[in-house]
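Offset between the sequence shown (1-based) and my numbering: plus 55.
For every residue, glycine included, the Cβ atom is placed at its ideal position computed from N, Cα and C.
None of the values given here were measured: they were computed from a predicted structure.
Before any comments, here is the structure.
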Amino acid sequence: MKKIVIIFIGAVVFFGMVNSASAEVNWDPIQTLNIPANTITPTTSSVLVNGAKYKITVSGTFFAGDNIEADAKYSFRTGSSSSWTDLVSTYESYGETLLDLFMDSDNDWGGYNSEHVYSKIITGSGNVLNFHIYDIYPSNNTGGLTVQIDRLRREATISSPDEGEKVYGEITFEAFLVDDDQDNIQWAIRKGTCAAGTGTVFGNVDGYSNVATIDTSNLTNQTFSFVGDMSNMLLGMYCFVYNPVEDNGESNIRETMQFELVEPLIVGPPTDMNQCKKDGWKTFNNPVFKNQGDCVSYVQSNKKAIGNRKDN
Numbered sequence: 056m057k058k059i060v061i062i063f064i065g066a067v068v069f070f071g072m073v074n075s076a077s078a079e080v081n082w083d084p085i086q087t088l089n090i091p092a093n094t095i096t097p098t099t100s101s102v103l104v105n106g107a108k109y110k111i112t113v114s115g116t117f118f119a120g121d122n123i124e125a126d127a128k129y130s131f132r133t134g135s136s137s138s139w140t141d142l143v144s145t146y147e148s149y150g151e152t153l154l155d156l157f158m159d160s161d162n163d164w165g166g167y168n169s170e171h172v173y174s175k176i177i178t179g180s181g182n183v184l185n186f187h188i189y190d191i192y193p194s195n196n197t198g199g200l201t202v203q204i205d206r207l208r209r210e211a212t213i214s215s216p217d218e219g220e221k222v223y224g225e226i227t228f229e230a231f232l233v234d235d236d237q238d239n240i241q242w243a244i245r246k247g248t249c250a251a252g253t254g255t256v257f258g259n260v261d262g263y264s265n266v267a268t269i270d271t272s273n274l275t276n277q278t279f280s281f282v283g284d285m286s287n288m289l290l291g292m293y294c295f296v297y298n299p300v301e302d303n304g305e306s307n308i309r310e311t312m313q314f315e316l317v318e319p320l321i322v323g324p325p326t327d328m329n330q331c332k333k334d335g336w337k338t339f340n341n342p343v344f345k346n347q348g349d350c351v352s353y354v355q356s357n358k359k360a361i362g363n364r365k366d367n
């Protein structure tokens with residue numbers, strides 16, 4: 056989020072902006088499946104929505120007889136193993152798929168994890184998933200694995216301005232969307248209300264066609280930015296409305312943030328040449344300077360400035 060940072064140097068107050076917003080990806084639990092090790096009959100999930108993003112997490116270990124313990128991809132045989140391996144110790148001739156958990160035809164769960172937890176993100180295709188543990192003789196196995204299916208949570212956040220923030224001049228409006236696809240964005244800045252269809256001063260609704268910068272290259276961090284000059288607008292409360300259009304079956308999102316348009320803070324004039332250095336000249340609006348030299352010249356010509364007064 057953007058925060059106002061206040062720095063006092065002499066009698067001058069400097070205002071700067073610090074951006075600390077970031078998208079957080081959350082998942083909603085959909086289904087938990089227990090996959091028994093003593094059968095190769097598939098355990099079937101519910102239907103995964105076509106195009107939706109899902110996280111599949113498998114955890115746990117099971118026992119396959121002959122002192123063998125296995126997880127979704129790796130195994131350890133007491134008496135012959137020195138580490139967990141993809142090939143089952145003393146059963147190497149049966150190949151790397153022995154005792155693997157299959158999700159349909161997929162048995163790639165990545166590198167070994169000592170916690171025996173493996174995850175992957177997939178896109179739903181409108182079908183179920185079928186899970187089974189492959190073994191040549193499953194009937195002597197005990198236990199099983201747990202599969203957790205989570206769906207990406209569709210969320211939006213307004214990151215600038217903050218709730219109740221006092222602003223003036225050119226204002227930066229920022230928001231981001233976490234989703235599994237690209238959505239059209241309806242947005243508006245409204246005077247005195249967050250209600251639809253009234254008080255709009257900026258936006259792409261209610262007859263307005265202001266253009267915001269929207270980046271959808273990362274679906275889980277789709278960013279929105281618009282800079283609006285509110286210098287000549289009426290002072291008071293305004294509302295930023297950010298409304299991604301939902302697809303069929305998706306939850307409705309309509310985020311709002313109220314802020315206050317106030318008189319601009321008068322910063323300046325500088326009274327010491329040091330205040331012009333390190334981009335300090337940019338912080339003054341009484342007067343406004345073109346560059347550091349312009350600021351220094353002003354201080355040098357000001358009889359009341361430090362170093363120019365007769366009592367120095």
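Can you tell me which of the three DSSP states residue i falls into?
i, result
"Q86", "strand"
"K333", "coil"
"L288", "Strictly speaking, residue 288 in this sequence is Met, with Leu absent from that position. M288: coil per DSSP, three-state reduction."
"S352", "helix"
"N298", "strand"
"T278", "strand"
"Y149", "helix"
"T116", "coil"
"T212", "strand"
"T311", "strand"
"T99", "strand"
"T140", "strand"
"E305", "coil"
"Q347", "helix"
"N357", "coil"
Determine the direct distance from the alpha carbon of residue j to that of residue i, and round the result to whole angstroms.
i, j, result
"K246", "G254", "5 Å"
"M312", "C249", "8 Å"
"G120", "T197", "8 Å"
"M158", "G179", "13 Å"
"K175", "V351", "60 Å"
"Y109", "K337", "48 Å"
"Y184", "R309", "The identity of residue 184 in the sequence shown is Leu, whereas the question assumes Tyr. Looking at the two C-alpha atoms, the distance is approximately 33 Å."
"G115", "L200", "5 Å"
"T278", "D141", "42 Å"
"A125", "I85", "26 Å"
"V402", "F339", "Residue 402 lies beyond the range of the chain shown here (56 to 367); nothing can be said about it."
"E170", "F118", "16 Å"
"G335", "N341", "13 Å"
"T87", "S160", "20 Å"
"I269", "L103", "29 Å"
"P216", "E229", "7 Å"
"K345", "D284", "20 Å"
"F257", "C331", "35 Å"
"T212", "F295", "11 Å"
"S306", "T94", "39 Å"
"E151", "N195", "20 Å"
"W82", "Q237", "18 Å"
"N357", "I321", "18 Å"
"N162", "T112", "13 Å"
"P319", "G181", "55 Å"
"E301", "K333", "47 Å"
"Q347", "G323", "14 Å"
"N122", "A92", "15 Å"
For my contact list, residue i and residue j are in at a C-beta cut-off of 8 Å; report their separation, rounded to the angstrom.
i, j, result
"Y129", "W139", "4 Å"
"Y293", "F314", "6 Å"
"L156", "I90", "7 Å"
"P299", "I244", "Actually they are not in contact, since the Cβ atoms of P299 and I244 sit about 17 Å apart, beyond 8 Å."
"K221", "V317", "5 Å"
"V21", "F186", "The structure shown does not extend to residue 21, since the chain is modelled only from 56 through 367, so no value can be given for it."
"W164", "A127", "5 Å"
"T145", "S137", "In fact, because the Cβ distance is near 13 Å, the residues do not count as touching under 8 Å."
Is any beta-carbon of chain B found at less than 8 Å from that of residue i?
i, result
"L274", "Absent from the structure is chain B; it holds one protein chain and no more."
For this session: Would you mind listing the alpha helix (DSSP H) stretches within the region 169-202 that are 4+ residues and don't spill past its ends, in chain order?
Result: none
Problem set entry | Contiguous beta strand (DSSP E) assignments of at least 3 residues, all confined to the region 217-288 | 225-233, 240-246, 255-258, 268-270 and 277-284
Problem set entry | Cβ contact (3+ pairs, closer than 8 Å) linking the region 210-225 and the region 260-272 | no
For this session: Report yes or no: do the region 280-295 and the region 187-204 share at least 3 C-beta pairs separated by less than 8 Å?
Result: no
Exercise. Taking one C-beta from the region 229-243 and one from the region 204-211 each time, how about it: are there three or more such pairs within less than 8 Å?
Worked result: yes
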